[in-house]
Amino acid sequence: MLKTRIIPCLDVKDGRTVKGVNFVDLRDAGDPVALAKAYSEQGADEICFLDISASEEGRGTMLDVVNKTARNCFTPLTVGGGVRSPENVIALLRAGADKVGINSAAVADPDLIARCAARVGRQCVVVAIDARRTGEGKWEVFTHGGKRGTGIDAIEYAELACAKGAGEILLTSMDKDGTKSGYDIELTKMVASRVTIPVIASGGAGTIPHLIEGIQETGATAVLAASIFHFGEIAIEDAKREMQAAGIPMRIEEN
Amino acid sequence: MQTVALIDYGAGNIPSAQRALEVAVERSGLSCELIVTDSPEKIAAADRVVIPGVGHFKDCREAMFGVSGLVEALEDSIHKKGRPVLGICVGMQLMADLGLEDGETPGFGWIPGKVEHIPTDAGLPIPHMGWNELVVRTEHPVLEGIQTGNHAYFVHSYHMHCENPSDLQVEVDYGGHITAAIGRDNVFGTQFHPELSQETGLRLLTNWIKWNP
């Protein structure tokens with residue numbers, strides 16, 4: 114049986130994690146490579162890096178971080194942020210990413226999804242969607258870190274991304290992100306019911322019950338969270354055991 | 051000193067596979083040199099060969115045939131020299147007779163079977179993506195210490211249907227039976243990614259490095 118995934122996400126800028134990650138046992142909490150390794154050892158099922166560097170130089174540094182991470186932890190790694198072309202995707206995969214997230218550039222040009230999938234296979238292409246609620250049962254796609262509205266319906270865009278060749282959808286609720294009040298269940302459920310590819314719920318996790326409802330009430334096959342793991346509020350092992358106890362199949366290795 | 055060649059024909063994530071093989075070599079305690087190459091001469095001279103692969107069956111096949119002499123060198127290694135060859139993901143699928151992803155594409159035909167779409171009757175999301183529980187079907191030396199219930203990481207939409215049940219080594223359940231590992235004589239292949247499967251994956255690679263079929 115396929116297990117539900119827990120994916121910690123790290124924001125990386127110029128090769129360093131930002132948002133003050135606070136890990137007790139780490140000498141250098143700003144080192145994404147060490148953090149990825151620590152999460153991997155705690156049982157993270159995948160790791161996600163979001164590159165928020167604004168410069169070309171910062172992006173070059175990211176390739177180095179990705180390479181070091183791939184060489185240090187044998188856990189699948191998704192990298193997103195600023196990806197604009199199949200060449201960007203290939204550079205990240207060659208550096209050691211296993212999947213690449215595409216966000217704003219795919220909204221501007223959905224055929225980019227098809228071009229990337231044709232080059233590297235759809236399983237490597239994660240389409241990240243930032244959505245904000247605009248009315249009853251309606252959500253709009255936002256880009257550029259959630260700052261820019263697009264007028265595009267998020268549900269329709271998710272279907273389009275799937276049809277263009279996305280291998281997975283990383284769905285973030287901009288309303289819920291950072292609130293620790295739980296995932297946007299309605300949005301996630303709507304998207305998961307309309308696409309045939311896996312959906313990752315993101316934005317809003319603050320407690321283990323949020324992780325549980327993010328799976329049980331939506332049809333998502335993975336939950337992504339950042340701050341609750343970074344600040345040690347929730348240990349991944351504990352989350353997995355409680356999710357398993359709630360009836361969600363989790364990967365818990367006994368040996 | 052033996053040489054292990056990891057074929058780099060432009061497909062997929064070489065750093066993870068390379069590093070995982072380095073760890074496997076260390077753990078095996080054997081004296082091995084790991085090379086990453088697409089040179090048919092080096093592959094012909096290698097004592098064991100790993101074929102990685104992600105993406106489309108057809109693209110990976112064309113990329114391998116695109117390197118002049120590469121497939122011939124591999125077939126020599128397998129059939130004439132009896133050397134161990136490991137295929138990972140699409141690298142495993144290419145060992146079949148036929149791939150059915152976007153039309154029919156012949157495979158290398160090293161292990162009889164076809165690569166078909168994962169059954170969709172159960173309505174589960176495709177690709178099959180994430181960690182699944184292995185069901186070990188045989189006692190193969192490459193699977194020593196790996197048990198039913200151990201997890202491995204999968205990401206694929208197609209899987210191989212083996213013609214001979216005895217070639218099926220490991221399977222998983224995803225809305226039905228999915229082939230997870232195959233083996234015949236000196237050839238072994240995993241649909242999952244051992245390089246992304248933590249301890250279970252490293253154990254498999256270490257076993258493979260030590261395997262003398």
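Here the protein sequences line up with chains W and B, keeping their order. The numbering of the first sequence is this note's numbering, which starts it at 114 and goes up by one. The numbering of the second sequence is this note's numbering, which starts it at 51 and goes up by one. Note that the Cβ used here is the ideal one computed from N, Cα and C, for glycine as well.
What are the boundary residues of the beta strand (DSSP E) that includes residue i?
i, result
"MET179/B", "178–183"
"GLY264/W", "261–266"
"SER306/W", "From DSSP, SER306/W is part of no beta strand (DSSP E) but of the alpha helix (DSSP H) over 298–307."
"LEU193/B", "LEU193/B -> no beta strand (DSSP E), and no H or E assigned at all."
"GLU221/B", "218–223"
"ALA314/W", "312–315"
"PHE162/W", "160–164"
"ILE161/B", "Looking at the DSSP string, ILE161/B is not in any beta strand (DSSP E), and its letter there is neither H nor E."
"GLU154/B", "Looking at the DSSP string, GLU154/B is not in any beta strand (DSSP E), and its letter there is neither H nor E."
"PRO121/W", "118–126"
"ILE138/B", "135–138"
Against chain W, with Cβ distances strictly below 8 Å, would residue i count as a contact?
i, result
"ILE176/B", "yes"
"SER216/B", "no"
"ALA70/B", "yes"
"PRO65/B", "yes"
"GLU76/B", "no"
"GLY153/B", "no"
"CYS84/B", "Note that residue 84/B is Leu in the sequence shown, not Cys. Not one chain W Cβ lies under 8 Å of LEU84/B."
"VAL54/B", "no"
"TYR208/B", "no"
"TYR59/B", "no"
"GLY251/B", "yes"
Using the Cα positions of residue i and residue j, report the straight-line distance between them to the nearest angstrom.
i, j, result
"SER315/W", "ARG77/B", "38 Å"
"VAL134/W", "GLY143/W", "The predicted position of VAL134/W is uncertain, since its pLDDT is 49 and thus under 50; a value taken from the coordinates is nonetheless stated next. About 7 Å."
"HIS343/W", "VAL125/W", "13 Å"
"PHE136/W", "LYS164/B", "The predicted position of PHE136/W is uncertain, since its pLDDT is 47 and thus under 50; no value can be drawn from it."
"GLY156/W", "GLY119/B", "43 Å"
"CYS237/W", "ARG184/W", "19 Å"
"GLY159/B", "ALA146/B", "5 Å"
"THR292/W", "GLY132/B", "60 Å"
"ASP211/W", "GLY248/W", "36 Å"
"GLY214/W", "ILE310/W", "15 Å"
"GLN52/B", "ALA96/B", "7 Å"
"SER286/W", "ARG364/W", "26 Å"
"SER66/B", "ALA202/B", "15 Å"
"ALA221/W", "TRP261/B", "51 Å"
"THR174/W", "THR191/W", "16 Å"
"CYS110/B", "HIS206/B", "14 Å"
"ASP152/B", "SER198/W", "24 Å"
"ALA227/W", "ALA333/W", "23 Å"
"ALA230/W", "VAL54/B", "31 Å"
Rounded C-beta distance between residue i and residue j? I'm assuming under 8 Å.
i, j, result
"LEU148/W", "THR130/W", "6 Å"
"THR188/W", "GLN248/B", "7 Å"
"ASN200/B", "PRO134/B", "Wrong, their Cβ atoms sit about 22 Å apart, outside the cutoff."
"GLY317/W", "LYS277/W", "With a Cβ gap of about 27 Å, GLY317/W and LYS277/W do not count as contacting."
"PHE255/W", "GLY262/W", "6 Å"
"THR331/W", "LYS302/W", "4 Å"
"ILE161/B", "ARG98/B", "No, ILE161/B and ARG98/B are not in contact; Cβ-Cβ is about 17 Å, not under 8 Å."
Is there at least one Cβ from chain B nearer than 8 Å to residue i's Cβ?
i, result
"LEU206/W", "yes"
"VAL137/W", "For VAL137/W, the predicted model reports a pLDDT of 46, less than 50, meaning its position is unreliable; a value from the coordinates is still stated below. No, because no Cβ of chain B sits closer than 8 Å to the Cβ of VAL137/W."
"VAL125/W", "no"
"GLN357/W", "no"
"MET114/W", "yes"
"VAL233/W", "yes"
"ASP288/W", "no"
"GLN311/W", "It should be pointed out that residue 311/W corresponds to Pro in this sequence rather than to Gln. At least one chain B Cβ lies under 8 Å of PRO311/W."
"GLU169/W", "no"
"GLN329/W", "no"
"ASN201/W", "no"
"GLU366/W", "yes"
"PHE342/W", "no"
In the DSSP assignment, the alpha helix (DSSP H) including residue i goes from what residue to what residue?
i, result
"LEU148/W", "145–155"
"ARG232/W", "224–233"
"GLY251/B", "248–260"
"SER66/B", "64–78"
"PHE342/W", "340–343"
"PHE107/B", "107–115"
"HIS227/B", "Careful: HIS227/B lies outside any alpha helix (DSSP H), inside the beta strand (DSSP E) at 227–234."
"LYS92/B", "90–95"
"SER355/W", "Note that residue 355/W corresponds to Glu in the displayed sequence, not to Ser. Note, GLU355/W: alpha helix (DSSP H), 349–358."
"ALA219/W", "217–221"
Following a CB-centred definition, is residue i positioned closer than 7 Å to any heavy atom of the ligand GDP?
i, result
"GLU249/B", "In terms of ligand content, the structure shown is empty, and the ligand GDP therefore cannot be addressed."
Practice task
Output, in sequence order along the chain, the residues in the segment 155–181 of chain B whose CB is closer than 9 Å to any CB in chain W.
Solution key: THR170, GLY173, LEU174, PRO175, ILE176, PRO177, HIS178, MET179, GLY180, TRP181
Practice task
Could you name the residues of the segment 223–247 of chain B whose beta carbon sits closer than 8 Å to any beta carbon of chain W, in the order they occur along the chain?
Solution key: Shown in chain order are the members of the segment 223–247 of chain B whose Cβ falls below 8 Å from a Cβ of chain W: ASP223, TYR224, HIS243, GLU245, LEU246, SER247.
Handout entry: Near-chain W residues of the segment 92–119 of chain B - C-beta to any C-beta below 7 Å
Key = Considering only beta carbons, the part of the segment 92–119 of chain B lying closer than 7 Å to chain W consists of VAL104, GLY105, HIS106, in chain order.
Handout entry: Residues, ordered as in the chain, of the segment 206–222 of chain W that lie near chain B by beta-carbon distance below 9 Å
Key = LEU206, ARG207, ALA208, GLY209, ALA210, ASP211, LYS212
Exercise for the section: May I ask you to list, following chain order, the residues of the segment 273–303 of chain W that have a beta carbon less than 8 Å from some beta carbon of chain B? Expected result: GLY280, GLU281
Practice task
With 7 Å as the C-beta to C-beta threshold (strictly closer), list the residues of the segment 144–162 of chain W near chain B in chain order.
Solution key: ASP158
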